[in-house]
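Number of protein chains: 2
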Amino acid sequence: MTNSTELRLRMLQAAEIQLAASGNDISTRAVCEAVGVGQPVLYRLFGDKAGLMSALVDHGYDRFIERKRHLAKTDDPVADLRAGWNDHIAFAVENPAIYRLMFSPTLGPQISAPRALLDLLTGTLERCAQAGVLLVSPALAAQRIRAACTGVALAILSRPDLYTDPDLSDSVRDSVFAGCIGASVQLPPDRRLGGTAVQLAALLREGPASVLGAEEQRLLLKWLDALGG
Amino acid sequence: MTNSTELRLRMLQAAEIQLAASGNDISTRAVCEAVGVGQPVLYRLFGDKAGLMSALVDHGYDRFIERKRHLAKTDDPVADLRAGWNDHIAFAVENPAIYRLMFSPTLGPQISAPRALLDLLTGTLERCAQAGVLLVSPALAAQRIRAACTGVALAILSRPDLYTDPDLSDSVRDSVFAGCIGASVQLPPDRRLGGTAVQLAALLREGPASVLGAEEQRLLLKWLDALGG
DNA sequence: CCCGCTGACGTAACATCGATACGTGACCAA
DNA sequence: TTGGTCACGTATCGATGTTACGTCAGCGGG
Chain A
1 MTNSTELRLR MLQAAEIQLA ASGNDISTRA VCEAVGVGQP VLYRLFGDKA GLMSALVDHG
61 YDRFIERKRH LAKTDDPVAD LRAGWNDHIA FAVENPAIYR LMFSPTLGPQ ISAPRALLDL
121 LTGTLERCAQ AGVLLVSPAL AAQRIRAACT GVALAILSRP DLYTDPDLSD SVRDSVFAGC
181 IGASVQLPPD RRLGGTAVQL AALLREGPAS VLGAEEQRLL LKWLDALGG
Chain B
1 MTNSTELRLR MLQAAEIQLA ASGNDISTRA VCEAVGVGQP VLYRLFGDKA GLMSALVDHG
61 YDRFIERKRH LAKTDDPVAD LRAGWNDHIA FAVENPAIYR LMFSPTLGPQ ISAPRALLDL
121 LTGTLERCAQ AGVLLVSPAL AAQRIRAACT GVALAILSRP DLYTDPDLSD SVRDSVFAGC
181 IGASVQLPPD RRLGGTAVQL AALLREGPAS VLGAEEQRLL LKWLDALGG
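Chains as they are written, first to last, in the numbering used here: chain A, 1 to 229; chain B, 1 to 229.
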């Protein structure tokens, strides 16, 4: 006989497949059909369609937290922090539909798993605080990091046509980290070079210089754009 | 006779009210009932429920862009940038349901309004670039700022119980800005171009860039020297 | 004045979906 | 065998998105 928890898992997997296929919504009928049971079993196991969705989100959080546990915990908490951000983005890209359910929920009954996940982040940040590199309390830093990280992830997921910068995640991550972590991250020389190139390009576009010809300026602007990234 | 566009507007307003009330979903029947028309008019005006939703989102973007136009454009582009971020957050808090529709869309047919809004941000950033305070290209900076800003807004909207820091928005804003904006060195405009060229030439001579070939850099340096005086 | 046409509207229906009442059969203890 | 409990499926209800069809106002021509 199929155990109740096993059936529950099979329905969750079926629901997850349907969600990934349709993108944002599923049908209880289709889920039951895929598993080969009637609809009442769904309502006995999950009580409600919202219950099924909540279970789906919880299942996603389970997988996410499990994944985070497998991340190596090194003796450099800041490096762990960076790895955690990157893993967050990777999870979002690999599971777009569930990620949206997890981190862009509708108003309504809240789930407790996000709190646990935020506490996990706070734990890493407390190790940073013990290392003496944190500028603010771990709780505040966790909110900033999580908010910015989900923003980047949702942006990449929802509008890949608008958010085309391959370094978007790394850039925002470094900026937010720099605002929370005191360890001075000096700008590499090529960064300053890029900034200067961007500035010069803007100035040239505003008012072209007279010492250079039109064609030369066109090529110059092209190179400056390349230098600016 | 009620004009067609006026009827359209009334239905949009009714839909917006219902959306704000229910939080995340509306019923075509309820919208038509509220306006006092049959359902076929909705399908004649919007073609589809998705069409109604898209029109709702477009309407939200219209209001948002109109609001941004009324923001004073001062001679300090960085201050304008900060005001724009704060206005974004304020709009999200004042219109949570529509904001979610606008900035956390489901997969599917994309709307063009977000692009226009991102271009508006890019415009302000180009003014920053002309002032010489931008470290990266306006397009890249716009992506970082918009992604982080929507992340903060969605976090505050979706989980106010988790994101309790009243300074969350300001903190993330300042961090992200710090990653895109350098210390401004205000020089008279006519001298800024030459000075920037000299600075870029010095940086290039100190450490050549990898994105340009040797011959290209030689010519670039020649032009930069010409620009510098 | 009457007739036919067009365009907009409402009524009523269909398909689908979430949710549930009820009957049926398996299994178990006495 | 009998009575009871539990899980399941069938059939159904109410609501919702969507559409076919009839109806009516307005209008130009005979």
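Virtual Cβ for every residue (Gly too), placed ideally from N, Cα, C.
As a quick exercise: from the options, pick the residue whose alpha carbon is nearest that of residue i.
{"i": "Trp85 of chain B", "options": "B:Leu118, B:Phe46 and B:Glu33", "result": "B:Leu118"}
{"i": "Ile65 of chain B", "options": "B:Val78, B:Gly51 and B:Asp87", "result": "B:Asp87"}
{"i": "Leu140 of chain B", "options": "A:Tyr163, A:Leu154, A:Pro105 and A:Leu121", "result": "A:Tyr163"}
{"i": "Arg205 of chain A", "options": "A:Arg218, A:Ser104, A:Ala20 and A:Ile89", "result": "A:Arg218"}
{"i": "Arg146 of chain A", "options": "A:Ser104, A:Gln110, A:Ser158 and A:Ile111", "result": "A:Ser104"}
{"i": "Leu56 of chain B", "options": "B:Ala214, B:Arg10 and B:Asp165", "result": "B:Arg10"}
{"i": "Glu16 of chain B", "options": "B:Asn3, B:Thr5, B:Ser4 and B:Ala34", "result": "B:Ala34"}
{"i": "Ala129 of chain A", "options": "A:Val198, A:Asn95 and A:Asp76", "result": "A:Asp76"}
{"i": "Ile98 of chain B", "options": "B:Thr5, B:Ala155 and B:Ser54", "result": "B:Ser54"}
{"i": "Asp58 of chain B", "options": "B:Leu120, B:Asn95, B:Met102 and B:Thr196", "result": "B:Met102"}
{"i": "Cys180 of chain B", "options": "B:Ser4, B:Leu125 and B:Gly38", "result": "B:Leu125"}
{"i": "Leu120 of chain A", "options": "A:Lys49, A:Leu81 and A:Gln18", "result": "A:Leu81"}
{"i": "Lys73 of chain B", "options": "B:Gln39, B:Ala116 and B:Arg127", "result": "B:Arg127"}
{"i": "Gln110 of chain B", "options": "A:Ala116, A:Glu94, A:Arg159 and A:Ile111", "result": "A:Arg159"}
{"i": "Asp48 of chain B", "options": "B:Arg144, B:Asp170, B:Leu224 and B:Thr28", "result": "B:Thr28"}
{"i": "Asp161 of chain A", "options": "B:Leu12, B:Arg115, B:Gln13 and B:Asp25", "result": "B:Arg115"}
{"i": "Val93 of chain B", "options": "B:Thr5, B:Pro166, B:Pro40 and B:Gly123", "result": "B:Pro166"}
{"i": "Gly207 of chain A", "options": "B:Pro40, B:Pro96, B:Ala131 and B:Arg173", "result": "B:Ala131"}
{"i": "Gly230 of chain A", "options": "A:Ser4, A:Arg173, A:Arg69 and A:Thr5", "result": "Here chain A has residues from 1 to 229 only, and residue 230 of chain A is not among them."}
{"i": "Pro96 of chain A", "options": "B:Thr106, B:Ser4 and B:Asn95", "result": "B:Thr106"}
Tell whether a beta-carbon distance below 8 Å holds between residue i and residue j.
{"i": "Val31 of chain B", "j": "Leu45 of chain B", "result": "no"}
{"i": "Tyr61 of chain B", "j": "Ala20 of chain B", "result": "no"}
{"i": "Ala90 of chain B", "j": "Leu71 of chain B", "result": "no"}
{"i": "Gly229 of chain A", "j": "Ser137 of chain B", "result": "yes"}
{"i": "Leu193 of chain B", "j": "Leu212 of chain A", "result": "no"}
{"i": "Arg100 of chain A", "j": "Leu157 of chain A", "result": "yes"}
{"i": "Ala148 of chain A", "j": "Ala148 of chain B", "result": "yes"}
{"i": "Leu154 of chain A", "j": "Leu154 of chain B", "result": "yes"}
{"i": "Gly23 of chain A", "j": "Thr150 of chain B", "result": "no"}
{"i": "Ala209 of chain A", "j": "Leu227 of chain B", "result": "yes"}
{"i": "Val274 of chain A", "j": "Leu134 of chain B", "result": "Because chain A spans 1 through 229 in this model, residue 274 of chain A falls outside it and cannot be assessed."}
{"i": "Arg63 of chain B", "j": "Ser171 of chain A", "result": "no"}
{"i": "Trp223 of chain A", "j": "Glu216 of chain B", "result": "yes"}
{"i": "Gln195 of chain A", "j": "Gly182 of chain B", "result": "Note that residue 195 of chain A is Gly in the sequence shown here, rather than Gln. The answer is yes: Cβ separation under 8 Å."}
{"i": "Leu221 of chain A", "j": "Leu220 of chain B", "result": "no"}
{"i": "Ile26 of chain B", "j": "Gln13 of chain B", "result": "no"}
{"i": "Ala178 of chain B", "j": "Ala178 of chain A", "result": "yes"}
Taking only three categories from DSSP, how would you classify residue i?
{"i": "Leu212 of chain B", "result": "coil"}
{"i": "Val57 of chain A", "result": "helix"}
{"i": "Leu219 of chain A", "result": "helix"}
{"i": "Leu154 of chain B", "result": "helix"}
{"i": "Leu71 of chain A", "result": "coil"}
{"i": "Leu134 of chain B", "result": "strand"}
{"i": "Thr124 of chain A", "result": "helix"}
{"i": "Met1 of chain B", "result": "With a pLDDT of only 47 at Met1 of chain B, under the threshold of 50, the placement of this residue in the model should not be trusted, and no figure is reported."}
{"i": "Ser169 of chain B", "result": "helix"}
{"i": "Ala226 of chain A", "result": "helix"}
Could you tell me if the beta carbon of residue i falls within a distance shorter than 7 Å of some heavy atom in the ligand SAM?
{"i": "Arg82 of chain B", "result": "Ligands in the displayed structure: none, and consequently the ligand SAM is not present."}
- Which ranges does the beta strand (DSSP E) cover as unbroken runs of at least 3 residues, wholly within the stretch 78–118 of chain A, from first to last along the chain? If we require 3 residues or more, the stretch 78–118 of chain A turns out to have no beta strand (DSSP E) run fully inside it.
- Which runs of the alpha helix (DSSP H), 4 residues or longer, sit entirely within the stretch 7–48 of chain A? You should have 28–35 and 39–46.
- Item | Interface residues of the stretch 89–121 of chain B facing chain A [CB-CB below 9 Å] | Here the close residues are Pro96, Ala97, Arg100, Phe103, Ser104, Pro105, Thr106, Leu107, Gly108, Gln110, Pro114, Arg115 and Leu118.
- Task: Could you name the residues of the stretch 148–159 of chain A whose beta carbon sits closer than 9 Å to any beta carbon of chain B, in the order they occur along the chain?
- Result: Against chain B - using a Cβ distance shorter than 9 Å - the residues of the stretch 148–159 of chain A are Ala148, Cys149, Thr150, Gly151, Val152, Ala153, Leu154, Ala155, Ile156, Leu157, Ser158 and Arg159.
- Message: Under 9 Å, CB to CB, which of the residues in the stretch 48–71 of chain B have a partner in chain A?
- Response: So nothing in the stretch comes that close.
- At a Cβ cut of 7 Å, what residues of the stretch 162–175 of chain A count as close to chain B, listed as they run along the chain? Cβ contacts with chain B: Leu162, Tyr163, Asp165, Leu168, Ser171, Val172, Asp174 and Ser175.
- Quick one: which residues of the stretch 20–35 of chain A get their C-beta closer than 7 Å to a C-beta of chain B? List them in chain order. Here the close residues are Gly23 and Asn24.
- Query: Given a limit of 9 Å on CB to CB distance, which residues of the stretch 192–209 of chain A reach chain B?
  - Reply: From the stretch 192–209 of chain A, only Arg192, Leu193, Gly194, Gly195, Thr196, Ala197, Val198, Gln199, Leu200, Ala201, Ala202, Leu203, Leu204, Arg205, Glu206, Gly207 and Ala209 have a Cβ closer than 9 Å to chain B.
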